Amino acid sequence: KETNSSCSRSLLGDKQKSKKTCKAFQDISQYFSKREWAKLSYSEKTTYVYMKRNYTTMTKLGLKANLPVFMQSKKQAVESKDNDSDKDDGCEKQEPSSSHVGAWTLKLRERKQLVSYEEISDPD
Numbered sequence: 013k014e015t016n017s018s019c020s021r022s023l024l025g026d027k028q029k030s031k032k033t034c035k036a037f038q039d040i041s042q043y044f045s046k047r048e049w050a051k052l053s054y055s056e057k058t059t060y061v062y063m064k065r066n067y068t069t070m071t072k073l074g075l076k077a078n079l080p081v082f083m084q085s086k087k088q089a090v091e092s093k094d095n096d097s098d099k100d101d102g103c104e105k106q107e108p109s110s111s112h113v114g115a116w117t118l119k120l121r122e123r124k125q126l127v128s129y130e131e132i133s134d135p136d
């Protein structure tokens, strides 16, 4: 893919940050045709970068996450949209797995337990 005008801009004069942004945009641009990429605004491109980062982070943590539609092949994306329209309201409750306890669940349990503190006085 050719570099786009978004990459040629210097962000806040910071060349290293600009290189990171440019690389991130190049990684994301592979999922779009040249025409689609040209139509996207800078903020939309940035949004896609963060969507990919979030997906990658979640899967590395062992969480199950749906592959973002833009990262799927065109055929998979169409099938995914068809499957979504088959659902009644799209808001199905997912029952938590009893065999897997997430970090947030553990933190919530910790908060429910009362903690008492005793003030220590100075021996003066």
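Following the working numbering, the numbering of the sequence shown begins with 13 at its first residue and continues without gaps.
Using N, Cα and C, we set each Cβ at its ideal position, and we do this for glycine too.
Since the model is a prediction, treat every value here as computed from it, not as a measurement.
Asked                                                                                                          : Found
Residue of Thr33, Ile40, Ala36 and Glu56 minimising C-alpha distance to Met83                                  : Ile40
Rounded separation between Met200 and Thr71 - CA only                                                          : With the chain covering only 13 through 136, there is no way to say anything about residue 200.
First through last residue of the alpha helix (DSSP H) which encompasses Tyr60                                 : Tyr54 to Lys72
Classification of Asn66 by the beta-carbon crowding that lies within 10 angstroms, buried from 16 upward       : exposed
Terminal residues of the alpha helix (DSSP H) in which Ala50 lies                                              : Lys46 to Lys51
Rounded straight-line distance, which links the Cα of Lys76 to that of Ser109                                  : Low confidence applies to Ser109: its pLDDT is 48, below 50, so where it sits in the model is not reliable enough to give any reading.
Own chain partners of Tyr43 with C-beta closer than 7 Å, once the 5 adjacent residues on each side are dropped : Phe82 and Met83
Test item: CB-CB of Phe37 and Lys57 under 8 Å                                                                  : yes
Rounded C-alpha distance that separates Trp49 from Thr69                                                       : 24 Å
Spatial distance of Cys34 from Gly74 (CA atoms)                                                                : 28 Å
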